[in-house]
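What follows is a set of notes on a single structure, which appears directly below.
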Amino acid sequence: MESSTVTSVSVKRKIEETDISTKGPPQTKRKVQSTITQATVSNFFKPKAEKEPEPVVWRCLKNSLLIARYNVKGAAQNGLEMKEPRKIAAFDLDSTLIKTKSGNKHPKDEHDWLFFHPSVPAKLKSLHESSHQVIIFSNQAGIKLDSKAKVNKREQQFKSKVNSVLSNLNLPISVYAATTKDIYRKPRTGMWDEMVDDYDLDVHGVDLENSFLVGDAAGREGDFSASDKNFAANLNIKFYTPEEYFLSQKPKPAKPDLFNPSSYITEATNGDQKPRFTPLQKDQLEVILFVGSPASGKSTFYNKHILNNSLDKTYTRINQDTLKTRDKCLKVAGERLSEGESIVVDNTNPEAATRKLWIDLAKKHNAKIRCFYFNVPADLCNHNDAVRGLHAPTADGAREERVDEKKAELAKSLNPDGRAQLPGMAFSGFRSKLQAPELKEGFDELVELKFEFEGGNAEREVWGRFWT
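Residues 1 to 468 (the UniProt record's numbering) make up the sequence shown, in order.
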C-alpha cells in the first residue's frame, strides 16, 4: 500500500476580527475567544516522552482520500486488535449523523452543525458496546487537495468539524472522506477496501450479515442521488435511511426509474450473442457509420462483432480520437475505400451535417453506407464510462493490487484502449447536438442498437456493480 502522510491535529485559537476605521475614537480590541483548555496547555509544556497522543490523527492517501482516526484516551485497543469477524456499523456524515444548526442546506462554517437527532451519541455508543466497529464514509467533492499547497480553507473547516464531532462522540471511530470522483467515491467501494485494509479485515473478515450502512442518499423523491443505497448494495450489507434508523420511521420508497445495471444483464449476456444487424457481405464495399454517445458501446461492438467477423473481411476502423481531426478521418477513409477496404466510422456523429460528409464519401466510391445508431440512455453511458475509466492503467485511486495478473487482464478486457474517464460535458454536449439519424438522409440501412452487456463472469461481476 502506498505510504501515507500522517499529521496530528492541533488546537487553534478562534480569533474574532476587529473593526478598522480611519475615524472615531481609538479602537479597542474585542475579546479573543480561545478553545485552548488548561489540559492542552499543560500537555504542551510536558517533555515529549510524557505527552499524551492527540485524539484525532489525520492522513491522506494519494492526494484523494482523507482518513481520520479517533483514539479514546486510556482505551486498550481502540477497535484495531479484535480477531473475530467484525460487525461494521457504517454511517454517512452530513444529513445522517449531523445536520446544519442554521437550517441551511450547506453549513456556513465548521461550527454550523448539530447531531441529526439527540439520540445519535447514545445509539453509536450502544453499537460500540455491542462490538460493532463504527465507521463514517463521506463523499466530500468540494474539498480540493493539492500535495504542493498549504491546507486550504475547505479542508481546514472539514477537519475541524470532524474533530468536533468525534470529540463529542468519544468513541474509537474512523472517518473516510472521498474528495475526488475516483475509485474512493461512493457508491464505488474504494473507501470500504481501505477500511478493510486498515483494520486487517482481509485476514479476519467482516460479518456482512450483521453489518449495515445508514445514509440519506437513498434515491427517494427529493434525494440528490442514491449513492448510499447503492454503496450498501455493492457491499451486500443492509441499508437504512437516517429517518428509519434514528427516528423509527417507515422507509420511503426509492424512485421507480432509478438506474440499475443488473437490468441489462441476462443469462444470455456471456459474449456468445450473434451480431444484431444484417450480416456482413464479403464482396460488398461499404461504410458503416456509428452514431452514439461516448461510452455507449460503439468500440466494444466493433471489436466483438466487426473486427473479428466470420467472413474474415477487413473493416478499417476510423476514429477521431486516434486521427485527431475530422479532415484526417475523411482522408484516411477515402484512401482505404480506394484500395477496396470497407470502413467503420467509430465516432459519435450526432449531427446530420457531419453524417452527410460520410454519405457523400460512400457515394463517391460506389460503396453502400449503413448507419448503426446506438440508442443508449445517458445514465447507462455514464455507468459504462465509470467502469471503463476506473479500470484504466493510470486511474486515480487505483490500488496497487491491480498489478496482479488476473486483475490486469480484467482491466484490459474492460478498457482495451486504456481510456481515462470523460468529463460530464462530453455527454451533455452530445445530447445537446444529437439529431437522431433517419433513413432519408441517404443511408442504405439504418440499424438501431439497444445496449446489452456482453462479457464473461469476471466482467459481469464488475460491470454489474453500481459505479455512478
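Quick reminder that beta carbons are idealized off the backbone N, C-alpha and C, glycines included. On a predicted model such as this, the values are computed, not experimentally measured, just so you know.
Which residue's Cα is closest to the Cα of residue i: the options?
i: LEU93; options: ALA411, VAL291, ASP228; result: ASP228
i: ARG419; options: ILE359, SER299, LEU208, THR354; result: SER299
i: ARG336; options: ALA362, TYR240, MET425, ARG460; result: ALA362
i: SER338; options: PHE259, LYS252, HIS365; result: HIS365
i: ALA333; options: GLY297, GLY222, ASN384, LEU289; result: LEU289
i: residue 469; options: ALA122, SER119, LYS99; result: Here the chain comprises residues numbered 1 to 468, so residue 469 is not present and cannot be evaluated.
i: LEU285; options: ALA411, ALA367, TRP192; result: ALA367
i: VAL287; options: LEU235, THR266, LEU357; result: LEU357
i: LEU446; options: LEU201, ARG326, GLY464, VAL291; result: VAL291
i: LEU145; options: ALA392, SER64, PHE212; result: SER64
i: TYR315; options: TYR302, GLU84, THR325; result: TYR302
i: LEU208; options: ALA232, TYR199, ALA218; result: ALA232
i: residue 469; options: VAL72, ASP417, LYS433; result: Because the chain here runs from 1 to 468, residue 469 falls outside it and cannot be looked at.
i: LYS433; options: ASN236, ARG355, PRO85, ASP360; result: ARG355
i: GLY222; options: ILE143, ALA458, LYS105, LEU414; result: LYS105
i: LYS87; options: ILE306, HIS132, ALA122, LYS328; result: HIS132
i: LYS238; options: PHE212, GLN435, ALA178; result: PHE212
i: ALA122; options: LEU311, ALA218, ALA177, LEU171; result: LEU171
i: LYS108; options: ASN210, GLY74, LEU311, GLN157; result: GLN157
i: ASN210; options: ALA89, ASP417, GLN435; result: ALA89
i: HIS305; options: SER126, LYS331, VAL344, LEU323; result: VAL344
i: LYS62; options: GLU110, ALA178, LEU124, GLY74; result: ALA178
i: LYS250; options: ARG220, VAL196, ALA458; result: ARG220
What does the Cβ neighbour count give for residue i, buried or exposed, with the cut at 16 atoms within 10 Å?
i: GLN140; result: buried
i: ASP346; result: buried
i: THR180; result: buried
i: SER130; result: exposed
i: PRO261; result: buried
i: GLU194; result: buried
i: ASN152; result: exposed
i: GLY297; result: buried
i: SER248; result: exposed
i: GLY424; result: exposed
i: GLU461; result: exposed
i: PRO253; result: exposed
i: TRP463; result: buried
i: ASP216; result: buried
i: PRO437; result: buried
i: ASN236; result: exposed
i: LEU201; result: buried
i: SER138; result: buried
i: LEU311; result: exposed
i: PHE224; result: exposed
In chain order, what residues of the same chain lie with their CB nearer than 7 Å to the CB of residue i, ignoring the 5 residues before and after it?
i: ASN309; result: LEU280
i: VAL120; result: LEU97, PHE246
i: LYS101; result: ASP112, TRP113, LEU114
i: LEU388; result: Inspection of the sequence shows that residue 388 is occupied by Arg rather than by Leu. For ARG388, where only same-chain residues beyond five positions count, the Cβ hits under 7 Å are ALA295, LEU414, ASN415, ARG419.
i: ALA218; result: ALA226, ASP228, LYS229, THR241, ALA254
Look up residue i in the DSSP assignment and give the residues it is bridged to.
i: SER174; result: ARG69, ILE135
i: ALA90; result: ILE135, LEU213
i: SER342; result: TYR315
i: VAL206; result: ARG86
i: GLU243; result: GLU243 is not bridged to any residue.
i: residue 471; result: This structure leaves residue 471 out entirely; the chain is present only between 1 and 468.
i: ARG220; result: ALA254
i: GLU448; result: TYR373
i: LYS368; result: GLU286
i: ILE98; result: ASP94, PHE115
i: LYS238; result: PHE212
Leaving aside the five residues before and after residue i along the sequence, list all residues of the same chain whose C-beta is less than 6 Å from its C-beta, in chain order.
i: VAL175; result: ALA68, ILE136, VAL162
i: TYR240; result: VAL214
i: LYS412; result: none
i: ARG465; result: ASN234
i: PHE91; result: LEU97, ILE136, VAL214
i: GLU401; result: Unreliable placement is indicated for GLU401, whose pLDDT of 46 sits below 50; the coordinate value is still reported in the next sentence. So no residue of the chain qualifies.
i: GLU155; result: ILE143
i: GLY205; result: PRO85
Can you tell me whether residue i sits near the ligand SAM, meaning its C-beta is under 7 Å from at least one heavy atom of the ligand?
i: VAL72; result: Absence of the ligand SAM from the depicted structure is noted, as is the absence of any ligand whatsoever, leaving it without description.
Excluding the 5 residues flanking residue i on each side, which residues of the same chain have their C-beta closer than 8 Å to its C-beta?
i: LEU166; result: PRO55, VAL56, ALA68, TYR70, ILE173, VAL175
i: THR468; result: PRO187, PHE259, ASP379, ASN382, HIS383, ALA386
i: PHE374; result: PHE290, VAL291, GLY292, SER293, SER296, GLY297, LYS298, PHE301, LEU449, PHE451
i: PHE116; result: SER95, THR96, LEU97, ILE98, LYS99, PRO242, PHE246
i: LYS313; result: LEU280, LYS282, SER342
i: GLN421; result: LYS181, ASP385, ALA386, ARG388, GLY389, LEU390, ALA392, ALA395
Quick one: does residue i have its CB under 8 Å from some CB of chain D?
i: ARG59; result: Absent here is chain D; the protein component of the structure consists of one chain.
Between the region 338-354 and the region 422-438, do three or more beta carbon pairs fall short of 8 Å?
Contact between the region 338-354 and the region 422-438 is present, with at least three C-beta pairs closer than 8 Å.
So, does the region 432-442 touch the region 403-412, judging by three or more C-beta pairs under 8 Å?
no
Does the region 445-454 touch the region 312-322, meaning 3 or more C-beta pairs lie closer than 8 Å?
no
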